[in-house]
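Reading through the C-alpha cells given below for one structure.
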Amino acid sequence: MNNNKELYYANEDILCITDNVKSIGWESIKEQSLQRIVYLVKVLYSFTHLNENIFGYYHFSVSLYGPFSGLIKNSVIYLKSDMFLLDTDDGGVKYNRSNSFVWKNVEKEKWIKTIILILGKYGENRIFGFTINDPLYKEAVENNQVRELDTSSPENRTIKVLNEFKQAFEETLSSTSFIDAEKYLDLYFEYIFSQIINKNHLHEL
Amino acid sequence: MNYDFRNNTDFKEILRQQEKRILRRTIEGIQETSTFKQFYLSLISYLRKSAFFDFKVLLINKQDLENLSSGNCINKLFAILDSDDCVHNNYVVLNNELNIVDKIYNNNYQNSNSARRIYAELSHDFVVFLLQPNAIVTYFIDGEDFGENIFFTMEDYRSYEEKKSIDRICELFEDYRQRLKSRDVYNKFFVSKSHLLSLKTDMGSQLDDKKYIYDNKQLLENKPEDKFREDLRFFLSEKLKANFLSKEYILENFKRLDIFILDESGYELYLIEVKWVGISINPSGKKTGTSYSERDIVPNAVKQTVGYLRQLFDEQKNIKLGYLAVFDARKEDLPDTGNSINNLCFENEDAIHFRKFRKIADFRVLNEHPA
Numbered sequence: 012m013n014n015n016k017e018l019y020y021a022n023e024d025i026l027c028i029t030d031n032v033k034s035i036g037w038e039s040i041k042e043q044s045l046q047r048i049v050y051l052v053k054v055l056y057s058f059t060h061l062n063e064n065i066f067g068y069y070h071f072s073v074s075l076y077g078p079f080s081g082l083i084k085n086s087v088i089y090l091k092s093d094m095f096l097l098d099t100d101d102g103g104v105k106y107n108r109s110n111s112f113v114w115k116n117v118e119k120e121k122w123i124k125t126i127i128l129i130l131g132k133y134g135e136n137r138i139f140g141f142t143i144n145d146p147l148y149k150e151a152v153e154n155n156q157v158r159e160l161d162t163s164s165p166e167n168r169t170i171k172v173l174n175e176f177k178q179a180f181e182e183t184l185s186s187t188s189f190i191d192a193e194k195y196l197d198l199y200f201e202y203i204f205s206q207i208i209n210k211n212h213l214h215e216l
Numbered sequence: 316m317n318y319d320f321r322n323n324t325d326f327k328e329i330l331r332q333q334e335k336r337i338l339r340r341t342i343e344g345i346q347e348t349s350t351f352k353q354f355y356l357s358l359i360s361y362l363r364k365s366a367f368f369d370f371k372v373l374l375i376n377k378q379d380l381e382n383l384s385s386g387n388c389i390n391k392l393f394a395i396l397d398s399d400d401c402v403h404n405n406y407v408v409l410n411n412e413l414n415i416v417d418k419i420y421n422n423n424y425q426n427s428n429s430a431r432r433i434y435a436e437l438s439h440d441f442v443v444f445l446l447q448p449n450a451i452v453t454y455f456i457d458g459e460d461f462g463e464n465i466f467f468t469m470e471d472y473r474s475y476e477e478k479k480s481i482d483r484i485c486e487l488f489e490d491y492r493q494r495l496k497s498r499d500v501y502n503k504f505f506v507s508k509s510h511l512l513s514l515k516t517d518m519g520s521q522l523d524d525k526k527y528i529y530d531n532k533q534l535l536e537n538k539p540e541d542k543f544r545e546d547l548r549f550f551l552s553e554k555l556k557a558n559f560l561s562k563e564y565i566l567e568n569f570k571r572l573d574i575f576i577l578d579e580s581g582y583e584l585y586l587i588e589v590k591w592v593g594i595s596i597n598p599s600g601k602k603t604g605t606s607y608s609e610r611d612i613v614p615n616a617v618k619q620t621v622g623y624l625r626q627l628f629d630e631q632k633n634i635k636l637g638y639l640a641v642f643d644a645r646k647e648d649l650p651d652t653g654n655s656i657n658n659l660c661f662e663n664e665d666a667i668h669f670r671k672f673r674k675i676a677d678f679r680v681l682n683e684h685p686a
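The listed protein sequences correspond, in order, to chains A and B.
Here the first sequence stands for residues 12 to 216, where the numbers follow this note's numbering.
Here the second sequence stands for residues 316 to 686, where the numbers follow this note's numbering.
And the structure:
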C-alpha cells in the first residue's frame, strides 16, 4: 500500500474516532488517546473477525506513553493543517463539523464505534491503563522488544489471551451461547479494569 | 496481572458466582443497542465534568429511548441536566425529544435497598437511570437491577476513586512522614542491636554494650537507598491514582531515575530522586561504610535532579515536576538539608528547569519509638 493511501485511510479512522467520541459526550480527545484507541481497534479486531486485519496499515512500537504509530502522528498533523481537526484549550483535538467528510468503509466505522462504546464507560484518562496492560504490549515491554509489535496476526498474544478468557467462560458456565464476541470484549475490559483498581498499578518499561 | 484465565480457579469461581448476572448482562435487550449505550455513556461523561454530589433518577420509557432524536442529542441532554428543573428535582421523566415531561423532588430514599426496590418497580414502565457521585450511573430495566459489575464492586470502585490524584502528592509526603515513625517501617532501615554488638567486637570498642548501641543506633543498613526508595515507592503506589514504573527508568545517557510516575491518564511525568544523609554499614557488615552529609544534597543532588529534568525535556518527555526526597538519618537534629538551595546558581541551560524542581522537607528517620 502506498503512503498516500495509508495516510488517507488513517485520516478516515481518526475522523471517525473524533466524531464518535463526541456522541458519548467527550468534547475533545488527546493525540495520545487517538494512538491508544487505534492500537486497541487494530489489535482486538482479529478476536471478532476472521478476515485479514483491515487496519493492517498501522505499525506500532513501544513508547513510554504506550503504543505509538508514526502514521497516526502524521494523520493528526495533516488533519489539523486541513482544518478537519481543531485544537482545543485542554490540549486535545476535536472534529471540525463545518468541514464534512464521508466515510467509505462501513466495516471500519462499525468496529471503531464498538470499541469506543466499550472504552467510553471508563473515560479517556483510563485508556492508558488498558493499553499498557494489553498482553501483547506488556509482553513486548517485558522482552525489551524494539521491533514492530505484531498487531496484525490472529495468533498474537492478545488474541490468545482473549480466546482463553472466552474458554474459561465456556468451561465454567452452563451455557454461553448468549455471549457473543463483543460481549466477551466488554467483560474482558471490565476484568482488566477490576485488576487496575484493586492492585498497585505498575507500568513496566 | 494474571492472564491465565483457564487455570485461574479464583477467576472461574467468580464466573460461577456471577452466572445469573452475566446472563442478565449479556442477553439481548435494549441495553445492547448503540442508542442506549450512547445515552448511558453521555450520562457518565456529564457526571465526570460536573461537581455532582447528589443522586438523581432519570426515567425514560423504552420506546422513547429507542427513538431518541439524534440531532444534537448530547448538547440537549447536558442542557437538560443543567436546567433548574433538573437541579431542583431528583426524579425526572424525559421523552424522546429529551424534554422534561414530569418531575418530583423526593429525598427520602437515596441509595438504600428500599430505593433500589422502588427503582426496580419503576423500571417496568421506564428505563431508570440512577446518577450518583464519582460518575457512577446504574440502570434498571424490566424490574432488573443492572447496577453491579461482574468483576468489581462499587465499593472497590469508590475506594479507587478516593485515592489521591498526583496533583495532591504533597499531602502524601506528609502522611509518609507519619509512617516513618512506625517501628515496623523504620526498623528495616537500621542495623539491628545484635548486629551492633558484633560490630562493637569487630571494631574493638571498649564502650559498654548499652552505650555502644545507643551511640550507633542511627547506623543504617548497607545500601539504604534501595530500602528508602522501595518503601516510598510502595507507599505512594498504594495511595496515588497513578502509574508507577516498576523499575528505575533509564535515560538515554544511561542515568537511572529512582521513582518515575505517570499520572492516571499517562500524559504527565513526575520523578522523585531519593537520597539519604547519615552513615551506613560497610557491605561486609564489619565496619562503618558510606556516609553522606548536607553537602552531598546541596549542591550535588539538587544539580543532579535538575539535570534529569533538563534531559527529560530534551528527550521530549512531558515532565511536570522533579522532587528530591532526602531521608535524614543523621545522629543529631540538624536543619533541613535543602536550607541553602536558594543560594545555588545554575547555568542558563539548567536555570529554566530549576522551576520544575521541588525539594521535599527531609524525611527524618529515627531508630527510636516516638515518646
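A virtual CB, placed ideally from N, CA and C, is assigned to each residue, including glycine.
- B:I596 is positioned such that its CB atom lies closer than 9 Å to that of B:V506.
- For A:K119, the enclosing alpha helix (DSSP H) begins and ends at V117 to L130.
- Pairing A:Y199 with B:F488, the inter-Cα distance amounts to about 36 Å.
- In the displayed model, B:Y318 falls within coil according to three-state DSSP, outside both helix and strand.
- Residue pairing by DSSP puts B:Y607 in a beta bridge opposite B:G593.
- At a C-beta separation below 9 Å, B:N464 has these neighbours in chain A: E201, F204 and S205.
- Rounded to the nearest whole angstrom, the CA to CA distance from A:V117 to A:C27 is 11 Å.
- By the CB criterion at 9 Å, B:G637 and B:E588 fall inside the cutoff.
- By the criterion of a C-beta distance shorter than 6 Å, A:G103 is surrounded in its chain by S39, I40 and K41, once the five residues flanking it on both sides are discounted.
- A contact between stretches requires three or more CB pairs, one per stretch, nearer than 8 Å, and the region 559-572 of chain B fails this requirement with the region 491-501 of chain B.
- The three-state secondary structure of B:G637, taken from DSSP, is strand.
- Taking the Cα positions, B:Q447 is about 53 Å away from B:L534.
- In terms of Cβ geometry, B:V617 and B:I574 do not form a close pair [threshold 9 Å].
- Annotation: the continuous alpha helix (DSSP H) that includes B:Y475 extends over M469 to E477.
- With 16 or more other CB atoms across the displayed protein chains lying within 10 angstroms of its CB, B:D643 is buried.
- In the DSSP assignment, B:Q447 falls within the beta strand (DSSP E) that extends over V442 to Q447.
- Taken atom to atom, the span from the alpha-carbon of A:N14 to that of A:K84 is near 14 Å.
- CA-to-CA, the gap between B:L572 and B:P650 works out to about 26 Å.
- Closest in C-alpha terms to B:G593, from the list B:I329, B:K646 and B:F441, comes B:K646.
- CA-CA distance, B:F367 to B:H439, rounds to 27 Å.
- Collapsing the DSSP output to three states places B:A557 in a strand.
- Contact annotation: the region 407-419 of chain B touches the region 375-385 of chain B, with at least three C-beta pairs closer than 8 Å.
- Contact check for B:L555 against B:S474 fails: the beta carbons are separated by 9 Å or more.
- Look at B:E459 here: in three-state DSSP terms it is strand.
- For the set A:D191, A:E166 and A:N167, the Cα lying nearest the Cα of A:K177 is the one of A:D191.
- A:S86 sits away from A:V157, with the two beta carbons spaced by 9 Å or more.
- For B:L659, there is no enclosing alpha helix (DSSP H), as DSSP marks it with neither H nor E.
- Chain-ordered, the chain B residues with CB closer than 8 Å to the CB of A:G77 read G581.
- Cβ contact annotation for A:F112 (same chain, cutoff 6 Å, sequence separation greater than five): L26, in chain order.
- Residue environment for B:S427: exposed (fewer than 16 other C-beta atoms within 10 angstroms of its C-beta).
- Considering only A:F66, A:F189 and A:F180, the residue with the shortest C-alpha distance to A:K121 is A:F66.
- Where B:F672 is concerned, the enclosing beta strand (DSSP E) starts and stops at F672 to K674.
- For A:D93, same chain residues with a beta-carbon under 8 Å away, outside a window of 5 residues either side, are N110 in chain order.
- If you draw a straight line from the Cα of B:L522 to the Cα of B:N682, it is about 20 Å long.
- The distance from the Cβ of B:F444 to that of B:L373 is about 4 Å, consistent with a contact at the 8 Å cut-off.
- Each of B:V641, B:N658, B:H684 and B:C660 was checked against the Cα of B:A676, and the nearest Cα belongs to B:V641.
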